[in-house]
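Engineer:
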Amino acid sequence: MTADDHPNNNRQKTVLVTGATGYVGSRLVPQILPHYNVRCMVRDPERLDAAIRDQVEVAQGDVMHSHSLRECMQGVDVAIYLIHGLGYGPDFQKKDRIAAENFLNAAQEAGVSRIIYLGGLGDDEDPGLSPHLKSRHEVGEVFQASEVLTIELRASVVLGPGSLSYELIRSLTQRLPVMICPKWLSTPTQPIATEDVLAYLQESIELPVEKSEVFEIGSQDVVTYGGLIQMYAQERNLKRYLISVPLLTPYLSSLWLGLVTPTSAQVGRHLIEGLKNPTVVRDDRARKIFSHQAMTTQEAVRQAVEQEA
Ligand SMILES: NC(=O)c1ccc[n+]([C@@H]2O[C@H](COP(=O)([O-])OP(=O)(O)OC[C@H]3O[C@@H](n4cnc5c(N)ncnc54)[C@H](OP(=O)(O)O)[C@@H]3O)[C@@H](O)[C@H]2O)c1
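Counting in my numbering, the sequence shown tops out at residue 327, every number present.
#1: Going by alpha carbons, who is nearest to K113 out of V35, H102 and P179?
#2: Determine the burial state of K229: buried for a count of at least 16 other Cβ atoms within 10 Å of its Cβ, exposed for fewer.
#3: Determine the extent of the alpha helix (DSSP H) in which A332 is found, giving its start and end residues.
#4: Helix, strand or coil for G140? Go by DSSP, reduced to three states.
#5: Applying the 10 Å Cβ sphere with the 16-neighbour rule, what's the burial state of I261?
#6: Does the distance between the C-beta of L136 and the nearest non-hydrogen atom of ligand 1 fall short of 7 Å?
#7: Tell me which same chain residues have a C-beta within less than 6 Å of the C-beta of P25, skipping the five on either side of it?
#8: Expressed to the nearest angstrom, what Euclidean distance is found between the alpha-carbon atoms of E317 and M249?
#9: For a quick check, are the C-beta atoms of S44 and D67 less than 8 Å apart?
#10: By DSSP, does V60 sit in helix, in strand, or in coil?
#11: Quick one: what does DSSP say S164 is sitting in, helix, strand or coil?
#12: Is M313 helix, strand or coil when you go by DSSP?
#13: Quick check on the DSSP output: the beta strand (DSSP E) that includes I261 runs from which residue to which?
#14: Do you know whose CA, among R65, E234, D62 and I70, lies nearest V56's CA?
#15: Should A163 be listed as close to ligand 1, given that the test is whether its C-beta is under 7 Å from any heavy atom?
#16: Where do the ends of the beta strand (DSSP E) carrying T36 lie?
#17: Relative to the C-alpha of I290, which residue among A124, Q30 and L203 is closest?
#18: Measure the Cβ-Cβ separation of L177 and A217 and say whether it is below 8 Å.
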């Protein structure tokens with residue numbers, strides 16, 4: 019089947035992809051390019067992959083500067099929000115919210131008919147929810163409370179080389195044969211393959227829904243972070259010993275993590291604070307509503323390790 023024969027083909031539709039220089043966005047753009055008129059919103063066009071730059075409309079915009087968004091949104095049908103404020107500093111939660119409000123206002127003004135947002139899993143009722151996960155949910159709430167139909171996809175660790183959370187797991191496992199780990203080793207999580215996230219995002223563009231929705235997405239099975247580390251080690255033929263030390267607080271373990279991983283200590287700290295929170299699919303409507311079916315965690319880890327090569 020050629021791209022033009024594809025049932026989803028709708029070149030008339032303009033899809034704005036934000037975060038197009040990021041992990042998810044840079045992989046989503048080539049995937050949807052055959053089917054839509056794609057506009058990439060970036061802070062710095064030079065950072066956009068050269069191969070992509072020539073095939074898309076490029077719009078310069080920064081969600082912290084509302085005036086820069088007006089032009090980016092002109093003529094957009096569907097706007098995909100793939101931005102997080104992990105790099106914004108200590109008040110990232112407030113900035114994340116302002117960014118979402120700026121984005122929403124511009125989308126409303128331009129008559130955008132759908133927003134798709136990739137956020138994070140985690141239980142809203144959990145009083146110990148990490149600031150990062152809380153902030154991901156707050157961004158979703160900003161969009162959900164608006165008139166613009168919003169599809170919010172909530173995911174845990176996206177497995178693939180280059181994804182921040184995957185890089186944490188990878189560098190920990192590669193560098194340390196014996197790991198002294200805090201309690202979060204036994205926290206349940208339901209990571210997801212990059213391929214699956216991209217498929218859900220693409221399907222969301224046309225998904226027939228009548229109102230804004232939150233869909234929880236993940237691989238077929240739940241694992242613990244310790245189990246995930248062991249799965250990764252197994253795929254790489256590494257022997258790893260995990261020793262759980264309950265007294266290592268998230269703060270201390272983030273300092274330690276800063277020493278052993280390439281992810282900046284600040285970003286790593288925000289991510290690791292979330293490791294104490296279960297991030298599993300509790301509402302499995304995505305499985306029934308989307309045609310795409312996700313793979314198992316083991317398959318996702320295997321695929322990620324193959325991509326490393
Ligand atoms: N990766 C995961 O494991 C994972 C898991 C669950 C959910 N998610 C969600 O998926 C989405 C995308 O994540 P990702 O892993 O692709 O992140 P990423 O690789 O860190 O990319 C973030 C993107 O946001 C852009 N950005 C940051 N601040 C901006 C601003 N003020 N204005 C415009 N653009 C800005 C960055 O552009 P610059 O190049 O200009 O910095 C970059 O393109 C996020 O909402 C995240 O919460 C990711």
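Yeah, the Cβ is synthetic: ideal placement off N, Cα and C, and Gly gets one too. These numbers were taken from a predicted model, which means no experiment stands behind them.
Structural biologist: The answer reads as follows:
#1: On the sequence shown, position 95 is the one that residue 113 refers to. Cα-wise, what sits closest to K113 is H102.
#2: Reading the sequence shown from its first residue, position 211 is the one you call residue 229. K229 is exposed by the Cβ-count criterion.
#3: Nothing can be reported for residue 332: it is not among the residues displayed for the chain, which extend from 19 to 327.
#4: Here residue 140 refers to the residue found at position 122 of the sequence shown. Correct three-state label for G140: coil.
#5: Reading the sequence shown from its first residue, position 243 is the one you call residue 261. Exposed is the call here.
#6: Taking the first residue of the sequence shown as 1, we reach residue 136 at position 118. Indeed, a heavy atom of ligand 1 lies less than 7 Å from the Cβ.
#7: Counting from 1 along the sequence shown, the entry for residue 25 is found at position 7. Low confidence applies here, because P25 scores a pLDDT of 45, under 50, leaving its location unreliable and the question unanswered by this model.
#8: By one-based count along the sequence shown, residue 317 stands at place 299. By one-based count along the sequence shown, residue 249 stands at place 231. Taking the straight line joining both Cα atoms gives about 10 Å.
#9: Along the sequence shown, read from residue 1 onward, the residue named residue 44 stands at position 26. Along the sequence shown, read from residue 1 onward, the residue named residue 67 stands at position 49. Yes.
#10: Within the sequence shown, the letter at position 42 stands for residue 60. In this structure, V60 counts as strand in the three-state DSSP scheme.
#11: Taking the first residue of the sequence shown as position 1, residue 164 is located at position 146. Note: S164 maps to coil in three-state DSSP.
#12: Along the sequence shown, one-based indexing puts residue 313 at 295. The three-state reading of DSSP puts M313 in coil, since its state is none of H, G, I, E or B.
#13: By one-based count along the sequence shown, residue 261 stands at place 243. Start and end: Y259 to S262.
#14: The residue you call residue 56 lines up with position 38 of the sequence shown. Each of R65, E234, D62 and I70 was checked against the Cα of V56, and the nearest Cα belongs to I70.
#15: Sequence index remark: in the sequence shown, residue 163 carries index 145 (1-based). A163 Cβ: outside cutoff for every heavy atom of ligand 1.
#16: Reading the sequence shown from its first residue, position 18 is the one you call residue 36. Its beta strand (DSSP E) spans residues T32 to T36.
#17: Residue numbering aside, residue 290 sits at position 272 when the sequence shown is read from its first letter. L203 is the residue among A124, Q30 and L203 whose C-alpha sits nearest the C-alpha of I290.
#18: The residue labelled residue 177 in the question sits at position 159 within the sequence shown. The residue labelled residue 217 in the question sits at position 199 within the sequence shown. The answer is no: Cβ separation not under 8 Å.
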